[in-house]
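*Asks:* Please find one structure pasted underneath; my questions will follow.
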Amino acid sequence: MAQTVKIDNSITVGTLAEKLDIPVSVIITELMKNGVLATVNERIDFDTASIIVGELDVEAELELNEEKEEVTKRKPKLEAGVGDSRPPVVAVMGHVDHGKTSLLDAITGAKVASGEAGGITQHISAYQTEHNKRLITFLDTPGHEAFAAIREHGAHLTDLVVLVVAADDGIKPQTLEAIRFAKKADVKIIVAINKIDKEGADINRVKQELSENELMPEEWGGETVIVEVSAKNKQGIDNLLDMVLLVADVEDLRADEKTAATGLIIEAHMEQGRGPVAIALVEAGILRKGAFMVAGGTYAKIRNLEHTSGKEIAEAKPSTPVVLTGFKELPRFGDEFLVVPSEKEARSKASSASAKGGAEGKQDMTGGDLIRIIDKKNKVTELNIVVKADVQGSLKSVIDSLRALNTDEVAVRVVGSGVGNITETDIHLAATSNSIIYAFNSGNSDTIRRLAVRDNVSLRAFNIIYELIDDCKQELSARLEDEIVRTDLGRLLVKGIFKIAKEEVICGGEVTKGVISVPSRAIVFRNDEQLADVVTTKLQRGPQETKEVQTGEMCGVSFSTESRLDLQEGDRIEFYKEETVTRTL
Ligand code: GDP
Numbered sequence: 065m066a067q068t069v070k071i072d073n074s075i076t077v078g079t080l081a082e083k084l085d086i087p088v089s090v091i092i093t094e095l096m097k098n099g100v101l102a103t104v105n106e107r108i109d110f111d112t113a114s115i116i117v118g119e120l121d122v123e124a125e126l127e128l129n130e131e132k133e134e135v136t137k138r139k140p141k142l143e144a145g146v147g148d149s150r151p152p153v154v155a156v157m158g159h160v161d162h163g164k165t166s167l168l169d170a171i172t173g174a175k176v177a178s179g180e181a182g183g184i185t186q187h188i189s190a191y192q193t194e195h196n197k198r199l200i201t202f203l204d205t206p207g208h209e210a211f212a213a214i215r216e217h218g219a220h221l222t223d224l225v226v227l228v229v230a231a232d233d234g235i236k237p238q239t240l241e242a243i244r245f246a247k248k249a250d251v252k253i254i255v256a257i258n259k260i261d262k263e264g265a266d267i268n269r270v271k272q273e274l275s276e277n278e279l280m281p282e283e284w285g286g287e288t289v290i291v292e293v294s295a296k297n298k299q300g301i302d303n304l305l306d307m308v309l310l311v312a313d314v315e316d317l318r319a320d321e322k323t324a325a326t327g328l329i330i331e332a333h334m335e336q337g338r339g340p341v342a343i344a345l346v347e348a349g350i351l352r353k354g355a356f357m358v359a360g361g362t363y364a365k366i367r368n369l370e371h372t373s374g375k376e377i378a379e380a381k382p383s384t385p386v387v388l389t390g391f392k393e394l395p396r397f398g399d400e401f402l403v404v405p406s407e408k409e410a411r412s413k414a415s416s417a418s419a420k421g422g423a424e425g426k427q428d429m430t431g432g433d434l435i436r437i438i439d440k441k442n443k444v445t446e447l448n449i450v451v452k453a454d455v456q457g458s459l460k461s462v463i464d465s466l467r468a469l470n471t472d473e474v475a476v477r478v479v480g481s482g483v484g485n486i487t488e489t490d491i492h493l494a495a496t497s498n499s500i501i502y503a504f505n506s507g508n509s510d511t512i513r514r515l516a517v518r519d520n521v522s523l524r525a526f527n528i529i530y531e532l533i534d535d536c537k538q539e540l541s542a543r544l545e546d547e548i549v550r551t552d553l554g555r556l557l558v559k560g561i562f563k564i565a566k567e568e569v570i571c572g573g574e575v576t577k578g579v580i581s582v583p584s585r586a587i588v589f590r591n592d593e594q595l596a597d598v599v600t601t602k603l604q605r606g607p608q609e610t611k612e613v614q615t616g617e618m619c620g621v622s623f624s625t626e627s628r629l630d631l632q633e634g635d636r637i638e639f640y641k642e643e644t645v646t647r648t649l
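Going left to right, the sequence shown walks through residues 65 to 649 as the numbering used here numbers them.
Right, here's the structure in full:
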């Protein structure tokens, strides 16, 4: 190959075109040929980029960028003696149903609800609790996918992971995912073996499994702190919090309070009367009400500054989870925020960020996605999916395209995703989470297909992205509730009563409007008062039974009624039809 091009771990389509000195459209077309839909500002990973440039007869060379690699790790510590000590930020993770939520409730419920104004009324993703007069910040990271986003965009904010493992269930796929994420982000893990009150609890077996997964318990000569708890009985909670503070002390967590405030947007949503509302975590500096802030492609003059407990505050120190209002537009999950001296600077920084495509690469998960996952009370019907694709770029495109189908009623929930062939772990994950596996250009062997059949997992493999999206669209459509469509038919003026029985009325009258027909329903009015809603059972023109009668014609009608209906001459009957219509997206 004649030419060589140096590419970072990832690169935007536009920059790649620039480097190769060719039109962007050529890159986009090549990507499409490979099943990747990407726009000029979207990032593609090195593997994808190297395939594309290879097809253009150029060789790609990986340019390792140490600084960028660091993003997935925690921020380097401040030098000894510099900065101010700050509370630890703890992410609680674990396999579904192992008791993450219960544990968080047990930790925060008792303490937060008693003191703070309002307490925690809704399920939010960050809050603080006090233990031994010291603060601890908790991040709820529902599902490993959300954590993946946090890890990518700001793992340096998480100091510790509390890994919840149910004593009666042991290590499961999402436990392993959590371990992997925490290790990759270089974050310390404290294991909380939960549900020790349960009959089937087998603490030793869990410890054995942990030791087999690089988490050797301290008592067995390893370094992993393990705390036995029961979220249900609130047993071991204080001990767990002691351990969190102990491990935090060893880490010597500090932040500089004197710099301009910075941090991360961890949730964003629209609220009636308040506009865009963001939940953010302060990382450094002190955030004050009235400050000007830029976050990704948007900016704010902080109108309301509240602690996530609901209390209004004048300022927030590092590690404080806060609720902010005053944004011009909704910031995005994963956007870093920065306080600047003036509105002018905030505006100009925001507009140059959005010109660059906003927070590049931060579209993996939107605030909306996170809220959907977090808010269990939400009425959104979710379709769990596991997505596999041949390369990172197409995986992102597939996931983005499927998420674009989400509405307020139905939404995909990506339980797992990855590059490469479908594996036994994928089948297992799909089976336990009741997910459909969508595979795009991913291999699947006979063994895998047999496993899928055995475990009742629907495995859907596609080579054309639009077909995959269509299939998912149909699945989501099938989860939409049917719509009942009502059509008005016509009106009858009652001119004679033939029979009034307990649950039946037969009358005669003139059709004064529209066309009445059977089967149908009807509402009976006397003057303007509604008397009953009845079912039309028979229609007669003279002695002949008929299906419909036009305006101006006389007819006899039989109705079935719920209770005795004393119909009178002069009553008005409005006929209508109700049809159940299946909706589609
Ligand atoms: P999550 O999916 O990890 O957030 O799990 P949840 O907190 O929703 O808990 C799942 C189920 O386990 C619920 O029915 C809880 O009541 C139950 N559970 C949680 N913690 C305990 C515990 O310590 N003991 C017992 N017996 N049940 C628990």
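Glycine included, each C-beta is placed from N, C-alpha and C at the ideal position.
Predicted model only: the values in this text are computed from it and were never measured.
1) Please report the distance separating the alpha-carbon of Val153 from that of Thr172.
2) The alpha helix (DSSP H) that contains Phe245, what's its start and end?
3) Drop a sphere of 10 angstroms on the beta-carbon of Gln238, count the other beta-carbons inside from all chains shown, and report buried for 16 or more, exposed for fewer.
4) List the DSSP bridge partners of Tyr191.
5) Between Ile301, Gly163, Leu168, which has its C-alpha nearest Lys262's C-alpha?
6) Between which residues of its own chain and Glu209 is the CB-CB distance below 6 Å, once the five residues before and five after are set aside?
7) Under 6 Å from any heavy atom of the ligand GDP, by CB: list those residues in chain order, please.
8) Once DSSP output is grouped into helix, strand and coil, what is the label at Arg62?
9) Are there three or more Cβ pairs, one per stretch, closer than 8 Å when the region 551–571 is compared with the region 626–643?
10) Suppose the cutoff is 6 Å on Cβ atoms and the five residues either side in sequence are ignored; what does the same chain contact list for Thr445 look like?
11) Is the region 526–534 close to the region 477–492, with three or more CB pairs under 8 Å?
12) List the residues that DSSP assigns as beta-bridge partners of Val381.
13) Tell me where the alpha helix (DSSP H) around Lys97 begins and ends.
14) With Lys686 as the anchor, note down where its beta strand (DSSP E) starts and where it stops.
15) Using a Cβ distance threshold of 8 Å, determine whether the region 405–414 contacts the region 335–343, with at least three qualifying pairs required.
16) Starting from the Cα of Thr93, find the closest Cα among Glu119, Val156, Asp490 and give me that residue.
17) Contact defined as beta carbons within less than 8 Å: I believe Val569 pairs with Leu523. What is the distance between those atoms, to the nearest angstrom?
18) Quick test of the definition: if touching needs 3 or more C-beta pairs under 8 Å, does the region 386–396 touch the region 341–357?
19) Are there 16 or more other CB atoms within 10 angstroms of the CB of Asp109, so buried, or fewer, so exposed?
20) Please go through the same chain and pick out, in chain order, the residues whose beta-carbon is closer than 7 Å to the beta-carbon of Thr600, but skip the five residues on each side of it.
21) Considering Glu446, what are the terminal residues of the alpha helix (DSSP H) in which it resides?
22) Does the distance from the C-beta atom of Ile267 to that of Ala231 stay below 8 Å?
23) Helix, strand or coil for Gln632 per DSSP?
24) Assuming the contact rule is C-beta atoms closer than 8 Å, Ala265 and Leu203 should be a hit. Round their C-beta distance to whole Å, please.
25) Name the DSSP bridge partner or partners of Asn258?
26) Are Ser506 and Ile528 touching if we call contact CB-CB under 8 Å?
27) From Glu82 to Arg467, what distance separates their C-alpha atoms?
28) Going by the beta-carbon positions, is the gap between Val404 and Leu447 smaller than 8 Å?
29) What's the gap between the Cα of Ser166 and the Cα of Val645?
30) For Lys248 and Asp546, what's the separation of their Cα atoms in angstroms?
31) Which whole-angstrom value describes the C-beta separation of Lys252 and Glu315, a residue pair presumed to lie in contact below a C-beta threshold of 8 Å?
32) Got a sec, what are the start and stop residues for the alpha helix (DSSP H) Leu84 sits in?
33) From the DSSP output, in three-state form, read off Gln653 for me.
34) Got a sec? Which residues, its chain only, sit under 7 Å from Thr648 by beta carbon, not counting five neighbours each side?
*Replies:* Walking through what the data contain:
1) Residue 153 sits at position 89 when you count from the first residue of the sequence shown. Residue 172 sits at position 108 when you count from the first residue of the sequence shown. The alpha-carbon atoms of Val153 and Thr172 are separated by roughly 14 Å.
2) The residue you call residue 245 lines up with position 181 of the sequence shown. Run containing Phe245: 237–248, per the alpha helix (DSSP H) assignment.
3) For the purposes of this step, residue 238 is taken as residue 174 along the sequence shown, with counting starting at 1. Classification for Gln238: buried.
4) The residue you call residue 191 lines up with position 127 of the sequence shown. Beta-bridge pairing links Tyr191 to Phe202.
5) Here residue 262 corresponds to residue number 198 of the sequence shown, with the count starting at 1. The candidate whose alpha carbon is nearest that of Lys262 is Gly163.
6) As a first step, residue 209 is located in the sequence shown; it is residue number 145 there, counting from the start. Any reading at Glu209 needs caution, since the residue's pLDDT is 42, under 50, leaving its predicted position unreliable; the model's value is listed next. Same-chain partners within the cutoff: Val478.
7) Gly158, Val160, Asp161, His162, Gly163, Lys164, Thr165, Ser166, Asn258, Lys259, Asp261, Lys262, Ser294, Ala295, Lys296
8) Residue 62 is absent from the structure shown; the chain starts at 65 and stops at 649.
9) yes
10) For the purposes of this step, residue 445 is taken as residue 381 along the sequence shown, with counting starting at 1. Taken in chain order, the residues that qualify are Val474, Arg543.
11) Judged by Cβ distances under 8 Å, the region 526–534 makes no contact with the region 477–492, as fewer than three pairs qualify.
12) Counting from 1 along the sequence shown, the entry for residue 381 is found at position 317. Correcting the residue identity first, residue 381 is Lys in this sequence and not Val. BP columns for Lys381 are empty, so no partner.
13) Taking the sequence shown and counting its residues from 1, one reaches residue 97 at position 33. Here the alpha helix (DSSP H) through Lys97 covers 88–97.
14) The question about residue 686 has no answer here: the residues shown for the chain are numbered 65 through 649.
15) No: fewer than three Cβ pairs fall under 8 Å.
16) Within the sequence shown, residue 93 is the residue found at index 29, counting from 1. Nearest C-alpha to Thr93: Glu119.
17) Numbered from 1 along the sequence shown, position 505 holds the residue referred to as residue 569. Numbered from 1 along the sequence shown, position 459 holds the residue referred to as residue 523. Not a contact, Cβ separation roughly 57 Å.
18) yes
19) Within the sequence shown, residue 109 is the residue found at index 45, counting from 1. Classification of Asp109: buried, given that the 10 Å Cβ count is 16 or more.
20) Here residue 600 is taken as the residue at index 536 of the sequence shown, counted from 1. Within the same chain, Thr600 has close Cβ partners Val582, Pro583, Ser584, Arg585, Ala586, Val621, Phe623, Phe639.
21) To locate residue 446, count along the sequence shown from 1; it is residue 382. Glu446: not part of any alpha helix (DSSP H); member of the beta strand (DSSP E) spanning 445–453, first to last residue.
22) Against the sequence shown, residue 267 aligns to sequence position 203. Against the sequence shown, residue 231 aligns to sequence position 167. Cβ distance < 8 Å, so Ile267 and Ala231 count as in contact.
23) In the sequence shown, counting from the first residue as 1, residue 632 sits at position 568. Coil, per DSSP.
24) Here residue 265 corresponds to residue number 201 of the sequence shown, with the count starting at 1. Here residue 203 corresponds to residue number 139 of the sequence shown, with the count starting at 1. Rounded, the Cβ-Cβ distance is 27 Å, inconsistent with contact.
25) Taking the sequence shown and counting its residues from 1, the one referred to as residue 258 is at position 194. BP columns for Asn258 point to Ala230.
26) Looking up residue 506 in the sequence shown gives position 442. Looking up residue 528 in the sequence shown gives position 464. No, these two residues do not count as a Cβ contact at 8 Å.
27) Counting from one through the sequence shown, the residue named residue 82 turns up at place 18. Counting from one through the sequence shown, the residue named residue 467 turns up at place 403. Rounded to whole angstroms, Glu82 to Arg467 spans 30 Å at the Cα level.
28) Translated into positions along the sequence shown, residue 404 becomes position 340. Translated into positions along the sequence shown, residue 447 becomes position 383. Pairing Val404 with Leu447 gives a Cβ-Cβ distance that is not under 8 Å.
29) In the sequence shown, the residue the question calls residue 166 occupies position 102. In the sequence shown, the residue the question calls residue 645 occupies position 581. Roughly 41 Å between the two C-alpha positions.
30) In the sequence shown, residue 248 corresponds to position 184, counting from 1. In the sequence shown, residue 546 corresponds to position 482, counting from 1. Whole-angstrom Cα-Cα distance: 45 Å.
31) As a first step, residue 252 must be located in the sequence shown, where it is residue number 188. As a first step, residue 315 must be located in the sequence shown, where it is residue number 251. Right, their Cβ atoms sit about 7 Å apart.
32) What you label residue 84 is simply residue 20 of the sequence shown in a count that begins at 1. Run containing Leu84: 77–84, per the alpha helix (DSSP H) assignment.
33) It is not possible to answer for residue 653, since the shown part of the chain is limited to 65 through 649.
34) Within the sequence shown, the letter at position 584 stands for residue 648. Ser541, listed in sequence order.
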